[in-house]
Every structure is written in structure tokens, then in C-alpha cells.
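*Asks:* The structure is given below, and queries will be raised subsequently.
Protein chains: 2
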Amino acid sequence: MSPAVTRYGHTPLEGLPERVTICEVGPRDGLQNESAVLPVQVKAEFIARLADAGHTVIETTSFVHPKWVPQLADAEELLAAITPRPGVRYQALVPNERGLDRALDLRVRDIAVFGSATETFAQRNLNRTVASSLEMFAPVVARAREAGIAVRGYLSMCFGDPWEGEVPVAQVVHVAVRMMALGCTELSLGDTIGVATPGRVVALLDALADAGIGTGRIAVHFHDTYGQALANTLAALRRGVTTVDASAGGLGGCPYARSATGNLATEDLLWQLEGLGIATGVDLAAMVETSLWMARQLGRPSPSRTVTALAGGGSRDGN
Amino acid sequence: MSPAVTRYGHTPLEGLPERVTICEVGPRDGLQNESAVLPVQVKAEFIARLADAGHTVIETTSFVHPKWVPQLADAEELLAAITPRPGVRYQALVPNERGLDRALDLRVRDIAVFGSATETFAQRNLNRTVASSLEMFAPVVARAREAGIAVRGYLSMCFGDPWEGEVPVAQVVHVAVRMMALGCTELSLGDTIGVATPGRVVALLDALADAGIGTGRIAVHFHDTYGQALANTLAALRRGVTTVDASAGGLGGCPYARSATGNLATEDLLWQLEGLGIATGVDLAAMVETSLWMARQLGRPSPSRTVTALAGGGSRDGN
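Listed in order, the protein sequences are those of chains A and B. According to this note's numbering, the residues represented by the first sequence are 695 to 1013, in order. According to this note's numbering, the residues represented by the second sequence are 695 to 1013, in order.
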């Protein structure tokens, strides 16, 4: 427990879970969207620091072709450089069967596939229709599940799309149901451009529950582009969600969607959860140190407000 | 209504008010804490733009001695330069009877007094004890009320204090009750250093209600130092609060408390409220334009995430 938050106490709020699992997406979703390309040793140290801080789910890298994501071209070397900790799940993004083969060769036990709720983003990000992307995922998910591997399904643009505007709830549910029917074990709802507000979050969760996808299989993935990520998180937790994606220090965004900067920073999320007395197992002080270290590697300050505030020392040392 | 938000629709959430009044604190609380000192004509134009955008409560300036707040030394000239609009309340901060005399001379109809929930901050900010500051306010509030003037009571450090750590709820209630007993017509609960989380907000509101201060007389004043302001706002609205303080473009902070940067930006608040279908009467697009204009006057970008996102044009023009 961080000294910072302890000084300001914990006050629970009715209707919230006692424990939340953070899916730390910094090494993949974060670094993929930074312009700097880091050495593999730095990435391996980053992942080790995240595990040291208490993370139990870490998205490590991607098997997307290096032509598309040069930042993660070292997936094989990186996974070989990680010393797995007991109790920690190291996820890797897998776009297709070729990616799955590479992941299986490296004994990856947790993969993720990446879908879109809108046709425009599917075209721009995956270069195919939504239906065609689901066809591409089908054998990936089936083979992974046969091998006993957990499969997270990312679903992008669940709230708004920069080209299509508001994305109807029914359209999101339609794609979500198909992804789960393929065999995904978890669905991460992405607000890729950060436009969601809490009512829309709850409406989508309710519609997914009606369609048979309960909050036990759902994660939320909010971006802080408009500053809404933590209010949306609060609304999702009240509705029963217990897995929240966040990126150390607020690393990354989405290069294919304008204004899509601003993954929710893990530290800002931790400040909220610790203040509410919700356990995560992740140490805030260790995360702040890690994100300050990563900011030095990238040569730019962390966009996380909590990292910035605590780096100043104002609230931690009592002066 | 902004084209930006309309494109992403409105989805209400149960238990929230239909309408919220924003108290726009940019010209006083915001500019007081900027290092630049702006010409009086710029401030007058700022206030006119805020009224044009639809604000009905605008905190304009302060009658604190210019020695302490040189940024607002032009209070008399500024108030003379404002052409009041019907239906708009122009508040001014008044620290003592001398300040009240100046305000009355200028026909100010809305004043605010400024208290502290902690002894350390009272000493540092007001140079006196909490009890002595209340004695100083007593004749100010009494004379103002006799003159038919509304008196907002600001209460700082309602959640945490950088020197004292967590501030007990009972201590905040103790000071709050005394401020209301003096005759304040509204109480603005300040999270001066931005450390609050939603459970603590609700606990304080409940304790104040038990002490006879209902949400109808309460405003919330959150800082975004740790990124918590909008989640706290959501929790407060659910508990019945309908007045929220915010600062155009996120101007200002508090120079006497370390790490106290980050007034909640009016635009970030508007993005949330519009997305929830909560009426404010304030136009988001006009606010973004005003805050971009003010950023040019100050020679630095706005810290508001919504201003930054919409200035890029990504979500507004659909590209």
C-alpha cells in the first residue's frame, strides 16, 4: 500500500467490488503507440518491474507483422528475455494463425485477438470487414482454446468512432456476441477514442448482460482523451465489472484513430481504487517509480496526473 | 449544443439530476493562480465570453489585498468594465469588511468568503486560526445578508491537507456548520489538493446532510491533480448535488498548497454532463473557443483534455 494514499485514507462506497484485477497494457498497447522504439532489454525490465509492482496480468507484446507495428518487432526476443513469475499471466496479441504459431512456439499461455465494432475502423486497422475479421479469428481462437490457452477478445470503438460518430449499442452487442461465440474467454470493451460517458457505459453493459455476456467475462478499456476514463470506470464497477485495463504512466493511444491519445494511466486508476479501499495487489509507489523510469527511457514526461503529482512529492512527504 | 457531443449522443444514467448549475471560477480562482498578469480588458472580454457561452454564475475577481494576489489587483476597474447580463450572477471574493465595503460600492450582488477546514491551511492562507477566520467573516456575512446579497462560503481542504494528511469528516462538518450558521447561502466543498475519491465525497455529503446541510445548499469544487475530479463529480451528483465549480480550460490551482494544480476544466465537466444528457445551458464549443483564446493570452496550452482533443479537430469534424 502506498504511503501517499494511506495518508489520505480509504473510504468504501456502496455497490462496488472488494477486488479489481488490473490488466496492465503498457508494454503492448502502450509502447506500440509511442514513437520511440525501445531496446528489448528495456522492455524486459519494464515487464519485470510491472510484475514486481504486483501486476498479475501483463500484456507483453504483439505478433502483428512488424511492417504494421515496428515498435514490437522483437516479440520473440522479448518473450525469451522474460523470466515468468508464478501467478502472473503474460498476454500476447495474436492477429492470425501465423501469429498463433509463433506464440505457441514460445509457449505463450494467454493470447488476445483484436476486433472492431465498426466497419470503418475494421477497414483501417485490420484492412478487412468486421465479418471477415471474425472469420480470420475463428481458427485462431479455436486452436488456442484446444491448446488450453485463454483468449481475450479486444473490441474497439464500442462507444464512438471518429468516422462514424456514435456507435449503436445493438451494433456493439452484435459483434461482441460473435466474438464470444468463437470461444473468447474474456471481452475487453474499448473506448478507443475516449468519448464515452457513464450512462453509455452502463447501457452497453446492460445490453451485453441481456445478450448473455455477464460482467464476469468483461473488462473495460477506457481512454482518457476527454478526461472521462475514471468516471466511466466507476460506473462500470458499480455494474459489476471487476477487470479494468490500464497503461503504466498512461503510455500509448491509438495511431489509427485521430484524437485517440490517452490510455487510462494505471496510477490514476490505482489512486481511485485505493481511495475506495478496493484491493488490486498492485503497489502505487512502485508503479510511480516504474513510470518515471520509463519516461526517462522515452525522453518525455508521463501524461499520468497521479505520476506527475507524486513525482513532485507534494502529497507524499507532507510538505 | 456542441456538434462534438451531439455526434456521440446522450445516454442518461439513473439517479442523476436533470440540470446542473456550473459555477465558473476561471476569472478568479483560475487567473489568481496563473503566473501571468493579464490586462483588465482581457479579463473583461473573458467574462463576457463566459456569459456568451451560457454561464449564469461567474466568479469574477477578489477583494483580497493586492499584496497577496497581485493578479487580481484591478478588481475595481474590472467590475466597472463588465456590462452585466440579465440572469447572470457575477461573484466576487471578499476577505473582510474592508473588502465588503469595496464590493458594496461597486454594487456587487454576490460575494464569497473563504474558509479552511484545517488549522495549518488557515494559518498559511489566512494567517489566522480557523476560529479567528470565522470571527472575521461573521460581520461580512451578516452585513452582506442584510444588504440582500448572496454569500457563498468556500471551504478548503475538505478531504486532504498536504501538511495534515486526511482531514476527518467530523472536522469538516464542524467548520461547515459554523460557516452556514454565520448566514452563508451556499457552501462550496473544496478538494484543494485533489486527493479525494468517490467514497469520501459521499461520506462527507452524508455527514453534512445529517448535520442539517442538505445538497441543495452545497456545491462541489474538485481539483484534477490526481485525475479524480469527474469520478468525484459523478458520485456527488448521484447524492443530489446540483452545483459544480469548474474553471474554463482548467485555469489555476492553489499557490499555497503544493501539488494543488488542476482545477477541474469546465470543458471536461461539460463533456460528461452533455454525454449524460444533463442540461447546463453552457455551450461546449463556445467554451473550447474561449479557452483556446485564453491559452493564447497566457502563452501556454490549456490543461483541459477535452479542449486539447477538440482543438485537434479529430472528434468534431468526423475525420
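Note that beta-carbon positions come from the ideal geometry of N, C-alpha and C, so glycine has one too. Quick caveat: nothing in here was measured; it's all calculated off a predicted structure.
Could you please give the first and the last residue of the uninterrupted alpha helix (DSSP H) stretch that includes residue 840 of chain A?
*Replies:* It spans 824-840 - the alpha helix (DSSP H) in which residue 840 of chain A sits, taken as one unbroken run.
*Asks:* Less than 6 Å between C-beta atoms, sequence neighbours within five positions excluded: which residues of the same chain meet that for residue 845 of chain A?
*Replies:* Around residue 845 of chain A: 805, 835, 838, 878 and 879.
*Asks:* Helix, strand or coil for residue 793 of chain B per DSSP?
*Replies:* Looking at residue 793 of chain B - three-state DSSP - the assignment turns out to be helix.
*Asks:* Quick one: what does DSSP say residue 846 of chain B is sitting in, helix, strand or coil?
*Replies:* In this structure, residue 846 of chain B counts as strand in the three-state DSSP scheme.
*Asks:* Of all Cβ atoms in chain B, is any one closer than 8 Å to the Cβ of residue 983 of chain A?
*Replies:* By this cut-off, residue 983 of chain A is not an interface position.
*Asks:* Find the nearest neighbour of residue 775 of chain B within the set B:994, B:736 and B:749, judged by alpha-carbon distance.
*Replies:* Comparing Cα-Cα distances from residue 775 of chain B to each of B:994, B:736 and B:749, the minimum goes to B:736.
*Asks:* Inspect the beta-carbon positions of residue 864 of chain A and residue 895 of chain A and report whether they are closer than 8 Å.
*Replies:* In this structure, residue 895 of chain A does not lie closer than 8 Å to residue 864 of chain A by Cβ.
*Asks:* Within the 8 Å Cβ cut-off, does residue 889 of chain B reach chain A?
*Replies:* Chain A, which has a Cβ nearer than 8 Å to the Cβ of residue 889 of chain B, makes this yes.
*Asks:* Judging by CA-CA distance, which residue of A:932, A:1003 and A:888 is the nearest neighbour of residue 958 of chain A?
*Replies:* With distances taken between Cα atoms, residue 958 of chain A lies closest to A:888.
*Asks:* Rounding to the nearest angstrom, what Cα-Cα distance links residue 817 of chain B and residue 825 of chain B in this structure?
*Replies:* When rounded, the distance between both Cα atoms is 11 Å.
*Asks:* State the beta-bridge partners of residue 852 of chain A as determined by DSSP.
*Replies:* BP columns for residue 852 of chain A are empty, so no partner.
*Asks:* Apart from the five residues just before and just after residue 701 of chain A, which ones in its own chain have a Cβ nearer than 6 Å to its Cβ?
*Replies:* Hits under 6 Å: none found.
*Asks:* If we call anything under 8 Å between Cβ atoms a contact, is residue 711 of chain A one with residue 936 of chain A?
*Replies:* Closer than 8 Å, so yes.
*Asks:* Do you know how far the Cα of residue 759 of chain B is from the Cα of residue 729 of chain B?
*Replies:* Near 17 Å, if we compare the C-alpha coordinates of residue 759 of chain B and residue 729 of chain B.
*Asks:* For residue 903 of chain B, which option in B:738, B:867, B:932 and B:841 has the closest C-alpha, if you only look at C-alpha atoms?
*Replies:* Checking every option, the nearest Cα to that of residue 903 of chain B belongs to B:867.
*Asks:* Identify which residue in B:974, B:852 and B:900 has its Cα closest to the Cα of residue 917 of chain B.
*Replies:* It is B:852.
*Asks:* Using a Cβ-Cβ cut-off of 7 Å (strictly less than) and excluding sequence neighbours within five positions of residue 962 of chain B, which residues of its own chain qualify?
*Replies:* For residue 962 of chain B, where only same-chain residues beyond five positions count, the Cβ hits under 7 Å are 924, 998, 999 and 1000.
*Asks:* Return yes when the Cβ of residue 718 of chain B is within less than 8 Å of the Cβ of residue 940 of chain B, no when it is not.
*Replies:* For residue 940 of chain B and residue 718 of chain B, yes; Cβs fall inside 8 Å.
*Asks:* Nearest to residue 932 of chain B by CA position, among A:969, A:892, A:906 and A:807, is which residue?
*Replies:* With distances taken between Cα atoms, residue 932 of chain B lies closest to A:892.
*Asks:* How would you write the range of the beta strand (DSSP E) that residue 915 of chain A sits in, first residue to last?
*Replies:* 912-916 is the span of the beta strand (DSSP E), which, as asked, contains residue 915 of chain A.
*Asks:* Taking only beta-carbon atoms, is residue 935 of chain A less than 8 Å away from chain B?
*Replies:* No, no contact with chain B.
*Asks:* Whole alpha helix (DSSP H) runs in the segment 763-809 of chain A with 4 or more residues, listed along the chain?
*Replies:* Listed in chain order, they are 769-775 and 791-799.
*Asks:* Once DSSP output is grouped into helix, strand and coil, what is the label at residue 741 of chain B?
*Replies:* In the structure shown, residue 741 of chain B sits in a helix (DSSP, three-state: H, G or I).
*Asks:* Identify, in the order they occur along the chain, each residue of the same chain with its Cβ nearer than 7 Å to the Cβ of residue 723 of chain A, setting aside the five sequence neighbours on each side.
*Replies:* If we look at residue 723 of chain A and ignore the five residues flanking it on each side, its Cβ neighbours are 753, 941, 946 and 957.
*Asks:* Starting from residue 968 of chain B, trace the alpha helix (DSSP H) in both directions and tell me its first and last residue.
*Replies:* Residues 960-969.
*Asks:* Pop quiz: residue 967 of chain A and residue 714 of chain A are said to be a contact at Cβ under 8 Å. What is the actual Cβ separation, rounded to whole angstroms?
*Replies:* Rounded, the Cβ-Cβ distance is 6 Å, consistent with contact.
*Asks:* So which residues on chain E does residue 962 of chain A lean against when the C-beta distance must stay under 7 Å?
*Replies:* Here the protein chains are A and B, and chain E is not one of them.
*Asks:* Can you pull the chain B residues whose beta carbon is under 7 Å from the beta carbon of residue 812 of chain A, in chain order?
*Replies:* Within 7 Å Cβ-Cβ: nothing; residue 812 of chain A doesn't reach chain B, min ~13 Å.
*Asks:* Under 6 Å Cβ to Cβ from residue 743 of chain A, same chain only, skipping five residues before and after it: list those, please.
*Replies:* Answer for residue 743 of chain A: 984, listed in chain order.
*Asks:* Between which residues of its own chain and residue 841 of chain B is the CB-CB distance below 8 Å, once the five residues before and five after are set aside?
*Replies:* Excluding residues within five positions, the ones whose Cβ falls inside 8 Å are 798.
*Asks:* Straight-line CA distance for residue 855 of chain B to residue 850 of chain A?
*Replies:* Roughly 40 Å separates the two Cα atoms.
*Asks:* Is the Cβ of residue 899 of chain B closer than 8 Å to any Cβ of chain A?
*Replies:* It does not: the Cβ of residue 899 of chain B has no partner Cβ on chain A nearer than 8 Å.
*Asks:* What residue does the beta strand (DSSP E) around residue 884 of chain A start on, and which one ends it?
*Replies:* Where residue 884 of chain A is concerned, the enclosing beta strand (DSSP E) stretches over 880-885.
*Asks:* Indicate whether at least one CB of chain A lies closer than 8 Å to the CB of residue 707 of chain B.
*Replies:* Chain A contact via Cβ: present.
*Asks:* If the cut is a Cβ gap below 8 Å, which residues of chain B does residue 701 of chain A touch?
*Replies:* What residue 701 of chain A touches in chain B: 854, 859 and 860.
*Asks:* Use the C-beta contact count for residue 821 of chain A: other C-beta atoms within 10 angstroms, 16 or more gives buried, fewer gives exposed.
*Replies:* Looking at its Cβ environment, which holds fewer than 16 other Cβ atoms inside 10 Å, residue 821 of chain A is exposed.
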